[in-house]
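K.L.:
Quick one: the structure is below, questions incoming.
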Amino acid sequence: MKFTLNWLKDHLETAKDLDTIVETLTNIGLEIENVEDKSKSFNDFTVAEVLKAEQHPDADRLKVCSVKTIDGTFQVVCGAPNARTGMKGIFAPENSFIPGTGLKLKKSKIRGVESCGMLVSEREMGLSDEHDGIIEVETKHKLGKKFIEVFNLDDPVIEINITPNRGDCLSVRGIARDLAAAGLGTLKENALTKSIKGTFESPIKWEKAFSGDDEYLCPGVAGRYFKNVTNKESPAWLQQRLKAIGLRPISALVDITNYITYDLGRPLHVYDADKLDGNLKMRFAKKNETCLTLDEEKRECTSGMIVISDNQQLHGIGGVMGGLDSGCSLDTKNVFLEVALFDPISVTKTGRHLKLQSDARYRFERGIDSTSIKWGVDAATNMISDLCGGEVSKPVQTNVLDSKQSKIIFNTNKVKSLGGLEIKNDQQKSILESLGFNIVEKNNIFEIIVPSFRPDIEGEADIVEEIMRIYGFDKIPLTNVSDIHNKKNILSPELKSFYKIKKVIANQGYLEAVTWSFMDEKAAKLVSADVIEIKNPISSDLNVMRPSNIPNLLNAINLNKSKVINYGKLFEVGPIFAASLENKQTNVATAIGYGNVNGGNWNSINQDFDVFAIKSDLMQILKALNVPVDNLIYENIKNKIFHPGKSSSLRIGKNILANFGELNPILLKSLDIGHSVVAFEIFTDTLAQFLAKKISTISAFDNNPYQMVERDFAFLFPKSVQANDIINKIKKIDKKIINKVSIFDVYEGEKIEFDSKSIAIRVLLQPIEKTFSDEEIENLSNQIIDTVITSFAASLRK
Amino acid sequence: MSLPVDAVDVKKRIEECKSLQDVESIRLEYLGKKGLIPSEMKLLGKLSIDERKLKGQELNKLKTLVEETVNNQKTNIENKEIEKKLQNEKIDVTLPQQEITDGKIHPISQTIFSIIEIFGNLNYSVEAGPDIESDFNNFSALNIPPHHPAREMQDTFYVQNSDGEDNVLRTHTSPVQVRTMLKTKPPIKIIVPGRTYRSDSDSTHTPMFHQVEGLVVNKDANMADLKSTLITFLKEFFEIDNLKYRFRPSYFPFTEPSAEMDVAFTKKNNVLKIGEGDEWLEILGCGMVNPKVLENCNIDSSVYQGFAFGMGIERLSMLKYGITDMRGLFDLNLKWLDHYGFSPLDLRNRAEV
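Chains as they are written, first to last, in numbering that gives the first Met the number 0: chain A, 0 to 797; chain B, 0 to 352.
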């Protein structure tokens, strides 16, 4: 909502300066978007006279002018073809800031001739794009007169954000009312709403075809007929105001409707009465009806829309835009006026369907004064009569649905209990009254009648806000909000694992990324069949919810290659989505690793990040989150993300905790990645069970004094045997004594049979009650050998 | 009665030895089975008690001296040999070490950690909810009527739903407030950080972003508590004690009264400085929970009241960490992630060591 300071002063009697008004507006909830005060930025530019304009000695197109200004006569080199002796223009002195170029003007030599200051073009003043010549002003303007006065730009333009509840402040008058309530002055009488009686019966009448349940859609419409008017250009003051707020003046009749829309928040329409056939009627559009609107678009109407029609055709879409065919032009002699009320939701639906925004729609959507049907006619009549003359008919109107007066019973203690602020009853009352509320006071109870222009006020909380915003939110006192009692858990185990895992994974050398929850359907379908589509995606390559986060992270690889980063460890913790999941999503910590992570240091193993490197990281991470990693059960992965032979799921109980391994080369190929990538996924919700434990349950340290013994074995196994099964089998022999089983060598190759592999195992034995005897060690060794041989069809290597 | 050797001479002889063999031969000379000291010891029996006592002490003294001197001299000779060897063991220690890649926490996560810590200290607990939400939780329960502009396709993402009803990608984290109120009896005191979605994409808007919301419902929480809570948070978050701020009226369908908070800033050489200056930056929206919202969530609004607030985590991150390009936050540029990321050990804690 834009308006000018002088326009505001039409409604507000005030002695306050611009800064105070601007600050107050924001403080009472009418937030300032912008203030354009040209009186400051354009102060330096004044009317000057060209005493002499002569050819530049060294340049055909330049002139050397002697320019008389209020501060003396200066020599100015000028390239404008219209610069000539005797003309008056606008002079910009040295060191002034030129708005159109954004530059500070400096003294200079142009082709050897000194130039002090400048005669400016319209473009340089930010007035228009005109730059073919310098600005010429009528010679009647006195030397030294300010540029902004000559061009009537000295009225500051204020732009405020109106929140959707404040339809009443989409008018200069509404804003003035709020400022008056805030103590900045008094609200003047509205001169436009004095009643004018008509002299004849209107030859055109208003009709409406709504009744019963539909009547609220168009509660009423009024108007009148203007005979023998003269439409012409609007007077300068009106044109300037419209221009200042960014509207284009068209003709007096059209400008009046725009002016009243902004001045009083009352949208109007004027029809060229000679182009109408019969009465005008508000009715529902029929199927396939079209209306050519003022913006010269042919609008296809649908059956729920309210339209305005005569006997022949449509002349407008109710509350949104008038029709082109009956629009007023400079030839218009007779005018018929529309002042209507429409249901906000109906206008919204219509406008939305037609994708048509207008100042009228904007106001109807936010709710307008239900009594404006009466004073709106008066306001239009006053202005049309003033500016266009002619004769005025008696008003006409349909029956108008009574709008219910809204009443609120308000307890004045509510300001304290809800607002946390003490305001005395009489002050509460005076604030509300200055905002147009009527109050009957009974002790601490106000019986409040809400003004017709405030349909947003519905209950006590709204009244508290009205009182407080005018009184000042800055006066709300500060309280002590520390809350050291009522200690409770801040994070549930699920959230603790969700957040803690980020720190744990980063601690293993991974960079955290945040990527979209969306992805490309094609890539998504490669990893899952259960994909949730977005009906209205932001772009065609972000059209489904991600069923895995691996493809998004893989995008990093080629992206960073161009920056010559050929290795990386990257992770994200966030949701993945599938229709089959509870709440359609689950949280996953996903990481990828690729390339030579050590970056090819002279002293490091020159090897790419592989399955066992990421497995090592994964196990460290799980351990840090209290997962008993020795109890993990390996299981084949049931998806297409991972390489079927180089990956595994890890399970405890029923829950899959994690997946890890090399990614499926088919997936990588589809993303143009030509090398191997390893990854893990941890389902963070499944870790909650391990984080729920209290730290204080650590068992006592067992300082066993007896000598430990290490024994090595090498077996030949069939290739299908899995190392983890061997380790678990050996551990099971005696969980107390067998302290650790590790594998220190694996060999497959020419020296042994093609379908077998050699695995060397180291077992650490811990005596419990006394040091082992040789015999005991021998027995244990034999037991290990027997178990392995019989369980896995293995043979001992000699 | 005296010993046949001078202790000082013996010590000197041992200390002059150049090799371990030389030291050993002197040791044998004195301490060996047939050495001087054992031989003399054997003769002690022939002496009178007084003489035996005296001579015995002297011999023991000499024995200790020889033992110690021999051990010292052996160590000396060994160390000299090691030192000589070390001279030939020089390596180029200026060769570059192996670089371990640093892991980093994303600035959005770091901001969320800060927020959780600050509100955790005020006894808020953290809640979460799904990104795909029902129309009721995201809009209707929050008093956003069916014709509200926010529901238009150009603002809200809709997803398919097998049971025919439209689901939305939550446009704010407020539906978690609704879920919490529906399942919990007051008092409620929660914050909700999380992913949110709006169909918007330009230099300052991304289709996905993060919000944190707070909700307090009890019998007496009021606007003064709300204002104080937010100021406490902002001062702590930005680590500015005399933060210049503005608390001004605004409008949201789900709160009444509603307010927004701005913080002052200055911009010099393209660097934002928060907390002082004459320009204002909107940082959060808030208000007293609209009684209609309480009723929609089965909470008796004649008994309970409360406040709610919400803010954008990207904006907080950018302001606090000086990030100028919002889209960088969602980029996979490893250099960016490394540059703006935080060490997992870098906790935002005033008691940090």
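Yeah, the Cβ is synthetic: ideal placement off N, Cα and C, and Gly gets one too.
Bear in mind that the values here come from a model prediction, so they are computed numbers and not experimental data.
May I ask which residues mark the beginning and end of the beta strand (DSSP E) holding Asn-437(A)?
P.N.:
Looking at the DSSP string, the run of the beta strand (DSSP E) that includes Asn-437(A) is 437–441.
K.L.:
Would the region 518–525 of chain A count as touching the region 662–674 of chain A if we require 3 or more Cβ pairs under 8 Å?
P.N.:
Yes: the two stretches touch, three or more of their Cβ pairs being nearer than 8 Å.
K.L.:
Got a sec? Which residues, its chain only, sit under 7 Å from Lys-413(A) by beta carbon, not counting five neighbours each side?
P.N.:
The residues are Glu-459, Val-463.
K.L.:
If you count every other CB in all the chains shown that lies within 10 Å of the CB of His-338(B), and 16 or more means buried, which is it?
P.N.:
Flag for His-338(B) reads exposed.
K.L.:
DSSP state of Met-0(B), grouped into three classes?
P.N.:
Low local confidence applies: a pLDDT of 48 at Met-0(B) is under 50, so the model's placement there is unreliable, with the coordinate-based value given in what follows. In the structure shown, Met-0(B) sits in coil (DSSP, three-state: anything other than H, G, I, E or B).
K.L.:
Applying a beta-carbon distance threshold of less than 7 Å, which residues of chain A neighbour Ser-200(B)?
P.N.:
Near Ser-200(B) (Cβ distances below 7 Å), the residues of chain A are Ile-537.
K.L.:
Excluding sequence positions up to five away, which residues of its chain have a Cβ less than 7 Å from the Cβ of Lys-495(A)?
P.N.:
Cβ within range, chain order: Leu-690.
K.L.:
In whole angstroms, give me the CA-to-CA distance for Leu-7(A) and Ser-405(A).
P.N.:
Roughly 29 Å between the two C-alpha positions.
K.L.:
Using the beta-carbon of each residue, which ones in chain B are nearer than 9 Å to Ser-481(A)?
P.N.:
Ordered by position in chain B, the residues that pass the 9 Å Cβ test against Ser-481(A) are Asn-120, Leu-121, Asn-122, Thr-231.
K.L.:
Taking beta-carbon pairs under 9 Å, can you tell me which members of the region 320–334 of chain B lie near chain A?
P.N.:
Those would be Leu-328, Phe-329, Asp-330, Leu-331, Asn-332, Leu-333, Lys-334, in chain order.
K.L.:
Who are the neighbours of Asn-595(A) on chain B, taking C-beta pairs under 9 Å?
P.N.:
Those do not exist, as Asn-595(A) stays about 11 Å from chain B at its closest Cβ, beyond 9 Å.
K.L.:
Just to confirm, are Ser-416(A) and Asp-219(B) a CB contact at a threshold of 9 Å?
P.N.:
Yes, they are a contact pair.
K.L.:
Exposed or buried, which one is Gly-143(A) when buried takes at least 16 other CB atoms within 10 Å?
P.N.:
By the 10 Å Cβ count, Gly-143(A) comes out exposed.
K.L.:
Identify each residue in the region 75–108 of chain B for which the Cβ-Cβ distance to at least one residue of chain A is less than 8 Å, and report them in chain order.
P.N.:
Those residues of the region 75–108 of chain B that come within reach of chain A (Cβ to Cβ, closer than 8 Å) are Leu-94, Pro-95, Gln-96, Gln-97, Glu-98, Ile-99, Thr-100, Asp-101, Gly-102, Lys-103, Ile-104, His-105, Ile-107, Ser-108.
K.L.:
Using a Cβ-Cβ cut-off of 8 Å (strictly less than) and excluding sequence neighbours within five positions of Ser-675(A), which residues of its own chain qualify?
P.N.:
Taken in chain order, the residues that qualify are Tyr-593, Asp-607, Asp-609, Glu-661, Leu-662, Pro-664, Leu-667.
K.L.:
Excluding the 5 residues flanking Thr-260(A) on each side, which residues of the same chain have their C-beta closer than 6 Å to its C-beta?
P.N.:
Around Thr-260(A): Pro-266, Asp-358.
K.L.:
Which same chain residues, not among the five before or five after Phe-355(B), have their C-beta less than 7 Å away from its C-beta?
P.N.:
The requested residue 355(B) is not part of the displayed model; chain B covers only 0 to 352.
K.L.:
Residues in the same chain with beta-carbon distance under 6 Å from Ser-328(A), minus the five sequence neighbours each way, listed in chain order, please.
P.N.:
So no residue of the chain qualifies.
K.L.:
Give me the Cα-Cα distance between Glu-277(B) and Thr-228(B), rounded to the nearest whole angstrom.
P.N.:
According to the sequence displayed, residue 277(B) carries Asp and not Glu. About 24 Å.
K.L.:
Can you give the Cα-Cα distance for Asn-781(A) and Val-762(A), rounded to whole angstroms?
P.N.:
Their Cα atoms are separated by approximately 13 Å.
K.L.:
Nearest chain A C-beta to Met-222(B) closer than 9 Å, yes or no?
P.N.:
Yes, because at least one Cβ of chain A sits closer than 9 Å to the Cβ of Met-222(B).
K.L.:
Among residues of its own chain, excluding the 5 on either side of Met-0(B), which ones have a beta-carbon nearer than 8 Å to its beta-carbon?
P.N.:
Below a pLDDT of 50, predicted positions are generally treated as unreliable, and Met-0(B), at 48, falls in that range; the measurement from the model is reported next regardless. Closer than 8 Å at Cβ, skipping near neighbours: Leu-46, Glu-50, Leu-53, Lys-54.
K.L.:
If we ignore side chains and look at the alpha-carbon of each, how far apart do Pro-627(A) and Leu-621(A) end up?
P.N.:
Their backbone Cα atoms lie some 8 Å apart in a straight line.
K.L.:
May I have the straight-line CA-CA distance separating Thr-789(A) from Lys-769(A), to the nearest angstrom?
P.N.:
Going from the Cα of Thr-789(A) to the Cα of Lys-769(A) covers about 30 Å.
K.L.:
Between which residues of its own chain and Phe-232(B) is the CB-CB distance below 6 Å, once the five residues before and five after are set aside?
P.N.:
The residues are Ile-117.
K.L.:
On a Cα-Cα basis, can you pick out the residue from Ile-69(A), Ser-250(A), Met-382(A) that is closest to Asn-230(A)?
P.N.:
Looking at the Cα atoms, Ser-250(A) is the closest of the given residues.
K.L.:
Once the 5 residues before and after Ile-726(A) are set aside, which same chain residues still bring their CB inside 6 Å of it?
P.N.:
Val-740, listed in sequence order.
K.L.:
Quick one, which residues of the region 53–69 of chain B are near chain A if we go by CB-CB under 9 Å, in chain order?
P.N.:
Answer set for the region 53–69 of chain B: empty.
K.L.:
Which one of Asn-638(A), Phe-641(A), Leu-686(A), Gly-644(A) has the shortest CA to CA distance from Lys-653(A)?
P.N.:
Closest by alpha carbon: Leu-686(A).
K.L.:
Between Val-75(A) and the rest of its own chain, which residues show a CB-CB distance below 7 Å, the 5 nearest in sequence each way excluded?
P.N.:
The residues are Cys-64, Val-66, Ser-114, Cys-115, Gly-116, Met-117, Leu-118.
K.L.:
Find the residues of chain A that neighbour Phe-156(B), judging by a C-beta separation of less than 9 Å, and give them in chain order.
P.N.:
Ordered by position in chain A, the residues that pass the 9 Å Cβ test against Phe-156(B) are Phe-517, Ile-533, Lys-534, Asn-535, Pro-536, Ile-537.
K.L.:
At a cut of 8 Å, does the region 156–172 of chain A reach the region 84–101 of chain A through at least three beta carbon pairs?
P.N.:
Segments in contact, no.
K.L.:
Count the other CB atoms within 10 Å of the CB of Leu-333(B); is the residue buried (16 or more) or exposed (fewer)?
P.N.:
Result: buried.
K.L.:
Count the other CB atoms, across all protein chains shown, that sit within 10 Å of the CB of Trp-236(A); report buried if there are 16 or more and exposed otherwise.
P.N.:
Exposed: under 16 other Cβ atoms inside 10 Å.
K.L.:
Of the residues that make up the region 223–235 of chain A, which ones have a beta carbon closer than 8 Å to any beta carbon in chain B?
P.N.:
Answer set for the region 223–235 of chain A: empty.
K.L.:
Does the beta carbon of Arg-165(A) sit closer than 9 Å to a beta carbon anywhere in chain B?
P.N.:
It does: the Cβ of Arg-165(A) has a partner Cβ on chain B nearer than 9 Å.
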